[in-house]
Amino acid sequence: NGLSDPFIRVSFGNGTAQTGHKRESLNPTYNEMLRVEADLKPRQQFPDIVVEIWDWDRIGSDTFLCRKIVDFKYSERPEFA
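Residues in the sequence shown are numbered consecutively from 358, following the numbering used here.
In structure tokens:
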């Protein structure tokens with residue numbers, strides 16, 4: 358039918374999270390908050406954030422659509438309250 362069932366997968370270090378899939382959409386809106394937990398060592402530079410869009414398939418493997426890598430360059434890890 359030419360439509361996708363897209364979902365977003367976000368990876369940060371050794372952690373990954375993903376949204377639910379949106380049925381039959383080429384212009385989905387995601388009103389979801391993702392929490393990605395990753396083990397970081399003190400003074401470790403932040404790893405890149407990898408955002409991927411996939412097409413969910415009921416049968417077989419999901420289909421990769423695209424990827425964006427967000428590069429963080431910090432000299433040391435900021436402290437969070």
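Ideal placement from N, C-alpha and C gives every residue a C-beta, glycine not left out.
Asked                                                                                                                                                                     : Found
On the DSSP bridge list, what partners appear for Asp-428?                                                                                                                : Paired residues: none, contrary to the question.
For Phe-364, count neighbouring C-beta atoms within 10 Å of its own C-beta (all shown protein chains included) and say buried if the count is 16 or more, exposed if not. : buried
Let's test the definition: count the other Cβ atoms within 10 Å of the Cβ of Ser-382 and tell me whether it reaches 16, buried, or not, exposed.                          : exposed
Below 8 Å on the Cβ atoms is my guess for Val-407 versus Ser-368; work out the distance and round it to an integer in Å.                                                  : 4 Å
Sorted by chain position, which residues of the same chain lie with C-beta nearer than 7 Å to Ile-455's C-beta, five sequence neighbours on each side aside?              : The structure shown does not extend to residue 455, since the chain spans only 358 to 438, so no value can be given for it.
Within this structure, are the beta carbons of Leu-391 and Gly-370 separated by less than 8 Å?                                                                            : no
Starting from the Cα of Thr-373, find the closest Cα among Glu-394, Pro-399, Thr-386 and Arg-400 and give me that residue.                                                : Glu-394
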